[in-house]
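Reviewing the structure listed below.
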Amino acid sequence: MDNRPIGVFDSGLGGLTGVRELRKRLPHEEIIYFGDTGRVPYGSRSPETILQYARQDVAFLLSKNVKCIMAACGTVSSTYPAAEAAKLPVPYLGVVDAAAREAAFATRNRRIGVIGTAATIRSRSYEKLLRQLVPGVEITARACPLFVPLVEAGYVDHSEESRQQVTKLVIAQYLTEVREAGVDTLILGCTHYPLLKTMIGEFMGQSVTLVDPAKTAAHHLEQMLSERGLRAAQEHEGQAHFYVSDVPDSFVQTADLFLGEYKGGPVDQIAIDKY
Numbered sequence: 063m064d065n066r067p068i069g070v071f072d073s074g075l076g077g078l079t080g081v082r083e084l085r086k087r088l089p090h091e092e093i094i095y096f097g098d099t100g101r102v103p104y105g106s107r108s109p110e111t112i113l114q115y116a117r118q119d120v121a122f123l124l125s126k127n128v129k130c131i132m133a134a135c136g137t138v139s140s141t142y143p144a145a146e147a148a149k150l151p152v153p154y155l156g157v158v159d160a161a162a163r164e165a166a167f168a169t170r171n172r173r174i175g176v177i178g179t180a181a182t183i184r185s186r187s188y189e190k191l192l193r194q195l196v197p198g199v200e201i202t203a204r205a206c207p208l209f210v211p212l213v214e215a216g217y218v219d220h221s222e223e224s225r226q227q228v229t230k231l232v233i234a235q236y237l238t239e240v241r242e243a244g245v246d247t248l249i250l251g252c253t254h255y256p257l258l259k260t261m262i263g264e265f266m267g268q269s270v271t272l273v274d275p276a277k278t279a280a281h282h283l284e285q286m287l288s289e290r291g292l293r294a295a296q297e298h299e300g301q302a303h304f305y306v307s308d309v310p311d312s313f314v315q316t317a318d319l320f321l322g323e324y325k326g327g328p329v330d331q332i333a334i335d336k337y
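By the working numbering, the letter at position 194 of the sequence shown is numbered 256, and the numbering carries on one by one without gaps.
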């Protein structure tokens, strides 16, 4: 048993979909979440800048005595070197590896779509993994830069019809090529995208399996904790503590959208440049 917290980080709000899944699956676990709201987005940054930010984010979580780290950010997971992650003093899990394995298991016709930030698509991280996992795979990848601001502005599933119409137009613009490629599996390669899952699913069709990276990574993290004897005691009451690098006000207002029934917990601002 290990009652130390799970550390989760993201460039901003999207990683909260991962927190929601962890709280659902692991109610006894403490969670420390860092959202780099002062430097969001990561997706349009250079690989060198993303790596610098990721190292600072990891250093902050390590200062909180976490027992493992989940990079709930597709951009970081696409950029952070596996060799560096392996040298960390605690287990590290990114969303890319987990989602790629889930997609490899799900596909029937070996045609897989990948959508994500510009940095994630540019890195070709999903493509490299999928080619190892699925011989002869055909991959259609598409950067969808407008999805993140749409989500954070509340233009999501179950919002009012006028907002949904705007999002549906953008979905059609981005995903027509992916649909026409005949994919049977689509990786939602950014943790913001599950909040558009219903609209994306309607556009792609019922025959297409959507892979949610946050959900898949949370499942893999749960397995890893069990295998390594790192689960918290059953009598331990799990809570979430949130840290941000910009003023907390806007974070607090939008966080409930991502967390749903698992909302709540203190929010503090930190100076991430110190790490």
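Cβ coordinates follow ideal geometry from the N, Cα and C atoms, glycine included.
Three or more C-beta pairs below 8 Å linking the stretch 249 to 261 and the stretch 162 to 181: yes
So, is glutamate 242 buried or exposed, given that buried needs 16 or more other C-beta atoms within 10 angstroms? Position 180 of the sequence shown, counted from the first residue, corresponds to residue 242. Exposed.
Which residues in the same chain as alanine 116 place their Cβ atom closer than 6 Å to its Cβ, once the five residues preceding and following it in sequence are excluded? Within the sequence shown, residue 116 is the residue found at index 54, counting from 1. So the list reads Val138, Tyr142, once near-sequence residues are dropped.
Starting from the C-beta of alanine 160, find all residues in its chain whose C-beta is less than 7 Å away, skip the five residues before and the five after it, and write them out in chain order. Here residue 160 corresponds to residue number 98 of the sequence shown, with the count starting at 1. Cβ neighbours of alanine 160 beyond the five flanking positions: Pro275, Thr278, Ala279, His282.
To which residues does DSSP link glutamate 200 through a beta bridge? The residue labelled residue 200 in the question sits at position 138 within the sequence shown. Its beta-bridge partners are Arg173.
Contacting residues, own chain, Cβ-Cβ under 8 Å from aspartate 330 (five flanking each side not counted): As a position in the sequence shown, residue 330 is number 268, starting the count at 1. The residues are His303, Phe304, Tyr305, Val306, Pro310.
List the endpoints of the continuous alpha helix (DSSP H) containing glycine 80. As a first step, residue 80 is located in the sequence shown; it is residue number 18 there, counting from the start. Unbroken alpha helix (DSSP H) run through glycine 80: 78 to 87.
Beta carbon of threonine 99, beta carbon of phenylalanine 313: below 7 Å? Along the sequence shown, read from residue 1 onward, the residue named residue 99 stands at position 37. Along the sequence shown, read from residue 1 onward, the residue named residue 313 stands at position 251. It is a contact, given that the beta carbons lie within the stated cut-off.
Which stretch, first to last residue, makes up the alpha helix (DSSP H) that contains threonine 278? Position 216 of the sequence shown, counted from the start, is the residue given in the question as residue 278. Run containing threonine 278: 275 to 289, per the alpha helix (DSSP H) assignment.
List the endpoints of the continuous beta strand (DSSP E) containing tyrosine 337. What you label residue 337 is simply residue 275 of the sequence shown in a count that begins at 1. That residue, tyrosine 337, is in no beta strand (DSSP E); it is neither H nor E in DSSP.
DSSP beta-bridge partners of valine 138: Taking the sequence shown and counting its residues from 1, one reaches residue 138 at position 76. Answer is none; valine 138 lacks a bridge partner.
Look up glycine 74 in the DSSP assignment and give the residues it is bridged to. On the sequence shown, position 12 is the one that residue 74 refers to. BP columns for glycine 74 are empty, so no partner.
In chain order, what residues of the same chain lie with their CB nearer than 6 Å to the CB of asparagine 171, ignoring the 5 residues before and after it? If you number the sequence shown from 1, residue 171 lands on position 109. Hits under 6 Å: Asp246.
Please name the residue, chosen from Asp72, Asn65, Asp64, Thr79, that lies closest to lysine 325 on a Cα-to-Cα basis. Position 263 of the sequence shown holds residue 325. Ranking Asp72, Asn65, Asp64, Thr79 by Cα distance to lysine 325 puts Thr79 first.
Proximal residues to valine 128 (C-beta, below 7 Å), its chain only, five neighbours per side dropped: Within the sequence shown, residue 128 is the residue found at index 66, counting from 1. Excluding positions up to five away in sequence, the list reads Arg66, Pro67, Ile68, Gly69, Ile94, Val152.
Taking the alpha helix (DSSP H) that glutamine 235 belongs to, which residues open and close that run? On the sequence shown, position 173 is the one that residue 235 refers to. First-last of the alpha helix (DSSP H) with glutamine 235: 223 to 242.
Take arginine 85 and list the residues in its own chain whose beta-carbon comes closer than 6 Å to its own, dropping the five residues that flank it on each side. As a first step, residue 85 is located in the sequence shown; it is residue number 23 there, counting from the start. Counting only Cβ-Cβ distances below 6 Å, and skipping sequence neighbours, we find Tyr324.
How many Å lie between methionine 286 and leucine 150 at the Cα? The residue given as residue 286 occupies position 224 in the sequence shown. The residue given as residue 150 occupies position 88 in the sequence shown. C-alpha separation (whole angstroms): 16 Å.
Own chain, CB closer than 6 Å to threonine 182, minus 5 neighbours either side, in chain order: Taking the sequence shown and counting its residues from 1, the one referred to as residue 182 is at position 120. Around threonine 182: Gly136, Thr137, Ser140, Gly251.
Assign methionine 266 to buried or exposed, taking buried as 16 or more other Cβ atoms, counted over all protein chains shown, within 10 Å of its Cβ. As a first step, residue 266 must be located in the sequence shown, where it is residue number 204. Counting Cβ neighbours within 10 Å, methionine 266 comes out buried, since at least 16 surround it.
Tell me isoleucine 112's beta-bridge partners as DSSP assigns them. Reading the sequence shown from its first residue, position 50 is the one you call residue 112. In DSSP, isoleucine 112 forms no bridge with anything.
Expressed to the nearest angstrom, what Euclidean distance is found between the alpha-carbon atoms of valine 213 and arginine 225? Within the sequence shown, residue 213 is the residue found at index 151, counting from 1. Within the sequence shown, residue 225 is the residue found at index 163, counting from 1. Cα to Cα, valine 213 sits roughly 10 Å from arginine 225.
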